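Going by the working numbering, the first residue of the sequence shown is number 575, and it counts up by one from there.
Right, one structure below, let's go through it.
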Amino acid sequence: MKVTVIGGAGYVGLVTAVGLARLGHDVVGVDINQQVVDLLSTGKSPIHEDGLEEVLTKVLADSRLRFTTDIAGGVAEAQVVFVAVGTPPHVDGSPDLTALRSVTANLARTVAPGTVVAIKSTIPVGAVSEMHDTFNTLGATDIEIASNPEFLSEGSAIRDFFHPSRIVVGTTSERARAVMRELYAPFLEEASHIQLDVDISRSVPLVETSAESAQIIKYAANAFLATRVSFVNEIAGICERLGADVTDVVEGLSMDPRIGRGYLSPGIGFGGPCLEKDLQALSYSAAIHGYQANFLEATLRRNDDQINHVVNRAIALCGGSLSGKRIAVLGLAFKPGTNDVRTSLSVRIIDRLQNLGASVAMHDPVAMEEAQVLLPGVEAVPTPYAAADNADLVMLLTDWPEYLALDWSRMSANLRSKVIFDGRNALDARACIAAGLRYHSVGRAPVQS
Ligand SMILES: NC(=O)c1ccc[n+]([C@@H]2O[C@H](COP(=O)([O-])OP(=O)(O)OC[C@H]3O[C@@H](n4cnc5c(N)ncnc54)[C@H](O)[C@@H]3O)[C@@H](O)[C@H]2O)c1
575 MKVTVIGGAG
585 YVGLVTAVGL
595 ARLGHDVVGV
605 DINQQVVDLL
615 STGKSPIHED
625 GLEEVLTKVL
635 ADSRLRFTTD
645 IAGGVAEAQV
655 VFVAVGTPPH
665 VDGSPDLTAL
675 RSVTANLART
685 VAPGTVVAIK
695 STIPVGAVSE
705 MHDTFNTLGA
715 TDIEIASNPE
725 FLSEGSAIRD
735 FFHPSRIVVG
745 TTSERARAVM
755 RELYAPFLEE
765 ASHIQLDVDI
775 SRSVPLVETS
785 AESAQIIKYA
795 ANAFLATRVS
805 FVNEIAGICE
815 RLGADVTDVV
825 EGLSMDPRIG
835 RGYLSPGIGF
845 GGPCLEKDLQ
855 ALSYSAAIHG
865 YQANFLEATL
875 RRNDDQINHV
885 VNRAIALCGG
895 SLSGKRIAVL
905 GLAFKPGTND
915 VRTSLSVRII
925 DRLQNLGASV
935 AMHDPVAMEE
945 AQVLLPGVEA
955 VPTPYAAADN
965 ADLVMLLTDW
975 PEYLALDWSR
985 MSANLRSKVI
995 FDGRNALDAR
1005 ACIAAGLRYH
1015 SVGRAPVQS
């Protein structure tokens, strides 16, 4: 099929564009970011994602994908136009729909009658009706809209595209449903005979519902994941005070098949571009419709408290004050496998540490440039060992595999005070202790030789 992805240079848009092209569709990625469009057209991606550049190179070579900034030219022949523009939060938590509104007005003037517009962006209930109104007002009456929320996880986005847990299509339009079924056919049971030269999941469940339900499925999924993180962090805090070990607690807890293991890793809290923003947006939507989402609000508050807790731990480990202390921060991306630092808790924590008088040496295997934009005054160092140089405390905030394999004797030799705070409970405590470090983590008693 002929497909266009608006916002095709962003995280979701780019993964959607290269993934659909790899399935054999003819795809155009449209984006307003000329610089990134030029870069992507050469096969280079500014987004760090496992396997992304390989698929990008292949689909460009096969002429299945091209990028442009020209929306009119980009959508002229499309049967399906995906919209994957950002929906960042306003200060009150409501989603900023400026990009979506601008794209909607542009599409009304440019797409051919009969086109299906599929919304990948996470948007609140009401936004699809508003799009319909705009299309009608501008005379584009023959456009169908489907909400098709995205569930990919940064760090495994390409794998998630080819192996989705489910595909959700929210629309009342029979035509839009049929077009979306055709587009995603390789994933569906009825088309399992289709031969492909790429490994994908077959018989993926298709959830066909209203646009409203599709949107709430997306928000509820992120709210649930965030809730699990806040829950386990609360349990970790209780363990710290009551002398239990949260690792053992989670092990015993997660063996219950009703509970499972996902998103139950204690740590510094949830960061990244989606969980906090989507919780805020869902809570805001509830509030303006007269419903107080107390539980979601508590999940957000628990996350803010977790950051306070981590900063307080740093103060305590530095002897009661951060003034004049040097702290090595390992990990700036909001999770391993990505160079995304949007709403990364590392960035927030570094900011707080500095405001409290510490100087920070920061390191990340892939996200240094991105972090430096948000933290321009902070010393960025080329290796974790350089970060440890004369530091009073090492804080591990993103559990990159590189950090798990560090030579702790070498790290320890460089440190002024032999203290480490493992904010992800990811390191081998024994290796740290053997290197002469005092090892502190989340929800567990400190360990030292
Ligand atoms: N990043 C994720 O992990 C993830 C996962 C699921 C859903 N989502 C949702 O998907 C949406 C996009 O998120 P993202 O992380 O990909 O954002 P992003 O900022 O990485 O990408 C958005 C892209 O849209 C482009 N853009 C903005 N205005 C435009 C316009 N008028 N015309 C054309 N292009 C325009 C931007 O230049 C950018 O490249 C959001 O609603 C987000 O909540 C994100």
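Cβ atoms here follow ideal geometry from the backbone N, Cα and C, with glycine treated the same way.
On a predicted model such as this, the values are computed, not experimentally measured, just so you know.
- Nearest C-alpha to residue 643 among 700, 617 and 578: 578.
- Only exposed fits residue 781, as fewer than 16 other CB atoms lie within 10 angstroms of its CB.
- Bounds of any alpha helix (DSSP H) do not take in residue 641; it lies within the beta strand (DSSP E) bounded by 639-642.
- Looking at the DSSP output, residue 1013 bridges to 994 and 1021.
- Within the DSSP bridge table, the entry for residue 720 names 692 as partners.
- Residues close to ligand 1 by the beta carbon criterion (under 6 Å to any non-hydrogen atom) are, from first to last along the chain, 580, 581, 583, 584, 585, 586, 587, 604, 605, 606, 607, 658, 659, 660, 661, 673, 676, 677, 694, 695, 696, 724, 726, 728, 847 and 848.
- Contact check between the stretch 923-931 and the stretch 887-905: three or more CB pairs, one atom from each, fall below 8 Å, which counts as touching.
- Taken in chain order, the whole alpha helix (DSSP H) runs of length 4 or more contained in the stretch 635-676 are 645-649.
- Residue 704: member of the alpha helix (DSSP H) spanning 701-711, first to last residue.
- The straight-line gap separating the alpha-carbon atoms of residue 829 and residue 934 is approximately 39 Å.
- Here residue 885 is buried, its C-beta having at least 16 other C-beta atoms within 10 Å.
- Residue 835 has its alpha-carbon roughly 8 Å from the corresponding atom of residue 824.
- If the five residues before and after residue 639 are omitted, its C-beta is found closer than 7 Å to the C-beta atoms of 591, 592, 595, 601, 603 and 633, all from its own chain and listed in chain order.
- The beta-carbon separation of residue 849 and residue 796, rounded to 5 Å, stays under the 8 Å limit for a contact.
- Of all alpha-carbon atoms in 730, 706 and 783, the one lying nearest the alpha-carbon of residue 754 is that of 783.
- Excluding residues up to 5 positions away in sequence, 604, 657 and 677 lie with their Cβ nearer than 6 Å to the Cβ of residue 580 in the same chain.
- Straight through space, the alpha carbons of residue 718 and residue 972 are spaced by roughly 42 Å.
- Between residue 655 and the set 662, 646, 916 and 906, the nearest pair of CA atoms involves 646.
- Three or more beta-carbon pairs separated by less than 8 Å are not found between the stretch 754-763 and the stretch 785-800, which leaves the two stretches without contact.
- Judged by their CB atoms, residue 993 and residue 1012 are nearer to each other than the 8 Å cut-off.
- Closest in C-alpha terms to residue 733, from the list 851, 626 and 662, comes 626.
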